[in-house]
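Protein chains in written order, with numbering that gives the first Met the number 0: chain L, 0 to 447; chain X, 0 to 283.
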Amino acid sequence: MSRPIIEVRNVSKLYRLGSIGAGTFQDALKRRWALMLGREDPLKRVGEKELMIPRDHPQAGSEPNTFWALKDVTFDVREGEVLGVIGKNGAGKSTLLKILSRITEPTEGRIVMRGRVASLLEVGTGFHPDLTGRENIYLNGAILGMRTREIDARFDDIVEFSEVERFIDTPVKRYSSGMYVRLAFAVAAHLDPEILVVDEVLAVGDAEFQKKCLGKMQDVAASGRTVLFVSHNMNTVRSFCTQCVFIEAGRATAGLPVPTAIARYMGVSPVHASTSVDMTTLPRQFSALGDSIRFTRVDVLSHPVRETEDICFGLEVNAAESVKGLLLGAYIGVPGQRCLGVAQTELPGELKHGKNYLKLRIRGGQLASGEYVAGFFIRDSFRDYDYVREFLPFVVEPAVTDDWTSYWHPSWGSVRFACQVSAETEQDAAAAEVSHSAVSLSEQDARP
Amino acid sequence: MPATNYELVIEPSKGWFDIRWRELLHYRDLTLLLVRRDFVSKYKQTVLGPAWFVIQPLLTTLVFTIIFGNVARLGTDGMPHVPFYLAGLLLWSYFAQSLPAIGSCLIVNSNLFTKVYFPRLVVPLSILLSNLIALALQFVTFLAFWAYYRYATEAGAVMQANWTVLLFPLLIIQTAMLAGGVGLWLAVITSQYRDLQHLMSFIVQIWMYASFIIVPLSDVPERFRLWAALNPMVAVVEGTRYAFLGKAALTPLHIGVSAAITLVVFATGVAAFGRIERKFVDYI
Numbered sequence: 000m001s002r003p004i005i006e007v008r009n010v011s012k013l014y015r016l017g018s019i020g021a022g023t024f025q026d027a028l029k030r031r032w033a034l035m036l037g038r039e040d041p042l043k044r045v046g047e048k049e050l051m052i053p054r055d056h057p058q059a060g061s062e063p064n065t066f067w068a069l070k071d072v073t074f075d076v077r078e079g080e081v082l083g084v085i086g087k088n089g090a091g092k093s094t095l096l097k098i099l100s101r102i103t104e105p106t107e108g109r110i111v112m113r114g115r116v117a118s119l120l121e122v123g124t125g126f127h128p129d130l131t132g133r134e135n136i137y138l139n140g141a142i143l144g145m146r147t148r149e150i151d152a153r154f155d156d157i158v159e160f161s162e163v164e165r166f167i168d169t170p171v172k173r174y175s176s177g178m179y180v181r182l183a184f185a186v187a188a189h190l191d192p193e194i195l196v197v198d199e200v201l202a203v204g205d206a207e208f209q210k211k212c213l214g215k216m217q218d219v220a221a222s223g224r225t226v227l228f229v230s231h232n233m234n235t236v237r238s239f240c241t242q243c244v245f246i247e248a249g250r251a252t253a254g255l256p257v258p259t260a261i262a263r264y265m266g267v268s269p270v271h272a273s274t275s276v277d278m279t280t281l282p283r284q285f286s287a288l289g290d291s292i293r294f295t296r297v298d299v300l301s302h303p304v305r306e307t308e309d310i311c312f313g314l315e316v317n318a319a320e321s322v323k324g325l326l327l328g329a330y331i332g333v334p335g336q337r338c339l340g341v342a343q344t345e346l347p348g349e350l351k352h353g354k355n356y357l358k359l360r361i362r363g364g365q366l367a368s369g370e371y372v373a374g375f376f377i378r379d380s381f382r383d384y385d386y387v388r389e390f391l392p393f394v395v396e397p398a399v400t401d402d403w404t405s406y407w408h409p410s411w412g413s414v415r416f417a418c419q420v421s422a423e424t425e426q427d428a429a430a431a432e433v434s435h436s437a438v439s440l441s442e443q444d445a446r447p
Numbered sequence: 000m001p002a003t004n005y006e007l008v009i010e011p012s013k014g015w016f017d018i019r020w021r022e023l024l025h026y027r028d029l030t031l032l033l034v035r036r037d038f039v040s041k042y043k044q045t046v047l048g049p050a051w052f053v054i055q056p057l058l059t060t061l062v063f064t065i066i067f068g069n070v071a072r073l074g075t076d077g078m079p080h081v082p083f084y085l086a087g088l089l090l091w092s093y094f095a096q097s098l099p100a101i102g103s104c105l106i107v108n109s110n111l112f113t114k115v116y117f118p119r120l121v122v123p124l125s126i127l128l129s130n131l132i133a134l135a136l137q138f139v140t141f142l143a144f145w146a147y148y149r150y151a152t153e154a155g156a157v158m159q160a161n162w163t164v165l166l167f168p169l170l171i172i173q174t175a176m177l178a179g180g181v182g183l184w185l186a187v188i189t190s191q192y193r194d195l196q197h198l199m200s201f202i203v204q205i206w207m208y209a210s211f212i213i214v215p216l217s218d219v220p221e222r223f224r225l226w227a228a229l230n231p232m233v234a235v236v237e238g239t240r241y242a243f244l245g246k247a248a249l250t251p252l253h254i255g256v257s258a259a260i261t262l263v264v265f266a267t268g269v270a271a272f273g274r275i276e277r278k279f280v281d282y283i
């Protein structure tokens, strides 16, 4: 096996808080002066809090007010891989990106990149408003590391992709913001590196253009180049990446399959066999109707669940009186998106006064592998008794099977439609057509 | 494996003189495009365009001639006022334009530096190069005035250009190195302490008076001249006057001191900049 195209080894980055960033020359002189006289640092007493980072903070450095934004990050990227880097805000994604892009250097560690790198943290870096579109293409291309003759060769493609042919000799300050972004992305999209480091902010502009951007990036990935993609958007990660690095509090977990990494990002830990969530304090959608029936707890009884297995929720419900004719339901959604669908069914018998434990089973094989959120409601024919919006994350993992027909591509969405196919003879088909037209004829006849 | 055997290693920088010169060469297209950007954007949407590069020093010369020459009656080594001031202003303008631009380049371009990597030295280098275009225009203007005064006026007959004119390119290089060296130091300091940013124009102004552009060095008592020559711009300004006008109070010692200081400032400036260029984004 060949060597990895990117090797990241024990990379750490220490940031110093406050002492330099906020500094003016005067502050530095004051500090020097105090040190010379053997006094206490004057700035410590005056404005700044003594410690911005508590000493026992897991990311605190050995000196006061230092902070490990990244600590011992190690991973490999193989050629042709599309690696998603995900993590919450402040986890260290951007720092990693900046180090990989050589904008700032690591405090410790070593990275080897075996190929030409282009990194896109922003579109249109260095665009000058007074220069024309043409001039900016060259300038921006050069800033991104292209030589003039490379830009010459791709100039027509860039202009075509950007759809601003007519305005190419107009200063970009006269462009609409859409044109500006299109031109900027067009330059970036025509970089031809072996390794592409991309920040999600790249996908800007209207929905149409975002699609075009992502399409272009997919092309890059499909052409066998290596992409390192930092994102918050799990849909993009799901449809785009082949592997993930998950960053949390400056530490990275590498080599994760995409669904597992996304699940961790969503705050779900697929490792736990069952999760219980106390529902008493969760916000209710409708509270005007009183609280005679309340969900108090939910257990995820099958977790993680395979695609082919049933999904089971155990719901503890508290009722102030016994009620008949109720409907129990679960909203199933994809995080950050609208509800995918609802599973609802009538409650057999009555809900007795006091504590009830209901088990809701959703048949397996309907949800494709991925991560979802569930919410629950209980109602009668015309009003909700209790309704808690999607709050409960759970993961559906791919079925362990050799059956190739169960293959599911991440970009195919979340629902497996049950379907059948049957082979029919031509005569059957003809007969079906005749009967169909007969029906429509008779319908016409029926009309006055 | 990738088609190229390119291998890039990212590590914490070590040592003082860690400049990747070859990379700088690779980015020569960017340097030239930045030169173009600087030059073009300066006169876009102006009526007179590049003519401004010529008009500015001429206006300054006019003011000097009226105030210092005619009102204050300061000496000019017996030279006609206009070529005397123009000669002094020639490289001084180059210096005075480049120094603050380089000094603030890290802050001005921080949006660029925090988003994309390229050798940071490309920016100061492009500033020095783009100001060279203005210098060329001003040089042509100066030659025109010089020729007019030399051959069309009686007072100009004292002007004696000599073989040292051939050394003028060295003076340009020295000015560029000095503006570069001091500018890089200022950039390094201002990236941490913004105070100097406000002082920049003041520094340039004071420096001009210390560079004997308004009065010749010969107006200074001889024992103080070496002190004055500690400012490398003195040798540059006086050197220009000697080459084109044939009169200056410059000695080889002055030139040596000036060259040595310039070299030291330049080398330390580049080193300091190289040391900070991969870290400054953390605290800019």
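In this text, a Cβ means the ideal position worked out from N, Cα and C, and glycines have one as well.
Here's a check: name, in chain order, each residue in its chain whose Cβ is nearer than 6 Å to the Cβ of residue 315 of chain L, leaving out the five neighbours to either side. For the purposes of this step, residue 315 of chain L is identified with residue 316 of the first sequence, where counting begins at 1. Within the same chain, residue 315 of chain L has close Cβ partners 295, 296 and 356.
When you compare the CB of residue 125 of chain L with every CB in chain X, is at least one pair closer than 7 Å? Working through the first sequence from its first residue, we reach residue 125 of chain L at position 126. By this cut-off, residue 125 of chain L is an interface position.
Quickly, what does DSSP pair residue 6 of chain L with across the bridge? List them, please. The residue given as residue 6 of chain L occupies position 7 in the first sequence. Answer by DSSP bridge pairing, in chain order: L/75 and L/111.
First and last residue of the alpha helix (DSSP H) that includes residue 79 of chain X? Along the second sequence, one-based indexing puts residue 79 of chain X at 80. Unbroken run through residue 79 of chain X: none, as it is neither H nor E.
Three-state secondary structure (DSSP) at residue 407 of chain L? Here residue 407 of chain L refers to the residue found at position 408 of the first sequence. Coil at residue 407 of chain L, not helix or strand.
Counting contacts by CB-CB distance shorter than 7 Å, is residue 120 of chain L in contact with chain X? By 1-based counting over the first sequence, the position of residue 120 of chain L is 121. Residue 120 of chain L counts as touching chain X.
Short-range partners of chain L found in the segment 105-129 of chain X, where Cβ spacing is below 9 Å: 108, 110, 111, 112, 113, 114, 115, 116 and 117
DSSP state of residue 23 of chain X mapped onto helix, strand, coil: Within the second sequence, numbered from 1, the residue matching residue 23 of chain X stands at position 24. Three-state result, residue 23 of chain X: helix.
Inter-residue spacing [alpha-carbon to alpha-carbon] between residue 261 of chain X and residue 95 of chain X: Within the second sequence, numbered from 1, the residue matching residue 261 of chain X stands at position 262. Within the second sequence, numbered from 1, the residue matching residue 95 of chain X stands at position 96. Answer to the nearest angstrom: the Cα atoms are 16 Å apart.
What is the residue span of the alpha helix (DSSP H) that residue 168 of chain X lies within? The residue you call residue 168 of chain X lines up with position 169 of the second sequence. 167-191 is the span of the alpha helix (DSSP H), which, as asked, contains residue 168 of chain X.
State yes or no: is the beta carbon of residue 46 of chain X nearer than 7 Å to at least one beta carbon in chain L? The residue labelled residue 46 of chain X in the question sits at position 47 within the second sequence. Not an interface residue.
Please check if any C-beta of chain X sits within less than 7 Å of the C-beta of residue 192 of chain L. Taking the first sequence and counting its residues from 1, one reaches residue 192 of chain L at position 193. So, not an interface residue.
My guess is that residue 245 of chain X and residue 161 of chain X are in contact by the Cβ rule of under 8 Å, so how many angstroms apart are they, rounded? Here residue 245 of chain X is taken as the residue at index 246 of the second sequence, counted from 1. Here residue 161 of chain X is taken as the residue at index 162 of the second sequence, counted from 1. Residue 245 of chain X to residue 161 of chain X, Cβ: 6 Å. Contact.
Find the nearest neighbour of residue 117 of chain X within the set X/30, X/240 and X/177, judged by alpha-carbon distance. Numbered from 1 along the second sequence, position 118 holds the residue referred to as residue 117 of chain X. The option with the nearest alpha carbon to residue 117 of chain X is X/30.
From what residue to what residue does the beta strand (DSSP E) around residue 195 of chain L run? The count along the first sequence starts at 1 and reaches residue 195 of chain L at position 196. In this chain, the beta strand (DSSP E) harbouring residue 195 of chain L covers 194-198.
Throw me the rounded Cβ distance for the residue 98 of chain L and residue 9 of chain X pair, which I believe falls under 8 Å. Counting from one through the first sequence, the residue named residue 98 of chain L turns up at place 99. Counting from one through the second sequence, the residue named residue 9 of chain X turns up at place 10. Indeed, because the Cβ distance is near 7 Å, the residues count as touching under 8 Å.
Using a cut-off of 8 Å between C-beta atoms, extract the partners of residue 12 of chain X located in chain L. For the purposes of this step, residue 12 of chain X is identified with residue 13 of the second sequence, where counting begins at 1. Those are 104, listed as they occur along chain L.
Who are the neighbours of residue 100 of chain L on chain X, taking C-beta pairs under 8 Å? Within the first sequence, residue 100 of chain L is the residue found at index 101, counting from 1. Within 8 Å Cβ-Cβ: 115 and 116.
According to DSSP, residue 215 of chain X sits in a beta bridge with which residue or residues? One-based indexing of the second sequence puts residue 215 of chain X at position 216. BP columns for residue 215 of chain X are empty, so no partner.
Residues of the segment 214-242 of chain L whose Cβ lies closer than 8 Å to any Cβ of chain X, in chain order: none
Note down the Cα distance separating residue 151 of chain X from residue 124 of chain X, rounded to an integer number of angstroms. For this step, residue 151 of chain X is matched to residue 152 along the second sequence. For this step, residue 124 of chain X is matched to residue 125 along the second sequence. Answer to the nearest angstrom: the Cα atoms are 40 Å apart.
According to DSSP, is residue 229 of chain L part of a helix, a strand, or is it coil? Start at 1 with the first residue of the first sequence, and residue 229 of chain L comes out as number 230. Strand.
Would you list, in chain order, the members of the segment 180-200 of chain X that have their beta-carbon closer than 8 Å to a beta-carbon of chain L? 188, 191, 192, 193, 194 and 195
What are the boundary residues of the beta strand (DSSP E) that includes residue 275 of chain L? The residue you call residue 275 of chain L lines up with position 276 of the first sequence. Per DSSP, residue 275 of chain L belongs to the beta strand (DSSP E) from 274-277.
Measure from the alpha carbon of residue 265 of chain L to the alpha carbon of each residue in L/404, L/330 and L/86, then state which is nearest. Stepping through the first sequence from its first residue, residue 265 of chain L is reached at position 266. Taking only the C-alpha atoms, the option nearest residue 265 of chain L is L/86.
Residues bridged to residue 311 of chain L [DSSP beta-bridge criterion]: Numbered from 1 along the first sequence, position 312 holds the residue referred to as residue 311 of chain L. Answer is L/360.
List the endpoints of the continuous beta strand (DSSP E) containing residue 196 of chain X. Looking up residue 196 of chain X in the second sequence gives position 197. Element bounds for residue 196 of chain X: not the beta strand (DSSP E) but the alpha helix (DSSP H), 194-208.
Counting contacts by CB-CB distance shorter than 7 Å, is residue 37 of chain X in contact with chain L? Working through the second sequence from its first residue, we reach residue 37 of chain X at position 38. Not closer than 7 Å to any Cβ of chain L, the Cβ of residue 37 of chain X fails to qualify, so no.
With three or more beta-carbon pairs closer than 8 Å as the criterion, would you say the segment 113-126 of chain L touches the segment 179-189 of chain L? yes
Please report the distance separating the alpha-carbon of residue 263 of chain X from that of residue 282 of chain X. The residue given as residue 263 of chain X occupies position 264 in the second sequence. The residue given as residue 282 of chain X occupies position 283 in the second sequence. Spanning the two alpha carbons is a distance of roughly 27 Å.
Going by DSSP in three states, residue 68 of chain L sits in which element: helix, strand or coil? If you number the first sequence from 1, residue 68 of chain L lands on position 69. Strand.
Using three-state DSSP, classify residue 58 of chain L as helix, strand or coil. Numbered from its first residue, the first sequence carries residue 58 of chain L at position 59. Here residue 58 of chain L sits in coil by DSSP.
If you run the structure through DSSP and keep just helix, strand and coil, what is residue 240 of chain L? Position 241 of the first sequence, counting from 1, holds the residue named residue 240 of chain L. Three-state DSSP puts residue 240 of chain L in coil, outside helix and strand.
Going by alpha carbons, who is nearest to residue 78 of chain L out of L/378, L/107, L/138 and L/194? As a working mapping, residue 78 of chain L is identified with position 79 in the first sequence. Nearest C-alpha to residue 78 of chain L: L/194.
Measuring alpha carbon to alpha carbon, tell me which residue in L/14, L/394 and L/229 is nearest residue 60 of chain L. In the first sequence, residue 60 of chain L corresponds to position 61, counting from 1. Answer by Cα proximity: L/14.
Determine the closest residue to residue 257 of chain X out of X/199, X/12, X/155 and X/227, with distance taken between C-alpha atoms. Working through the second sequence from its first residue, we reach residue 257 of chain X at position 258. The option with the nearest alpha carbon to residue 257 of chain X is X/227.
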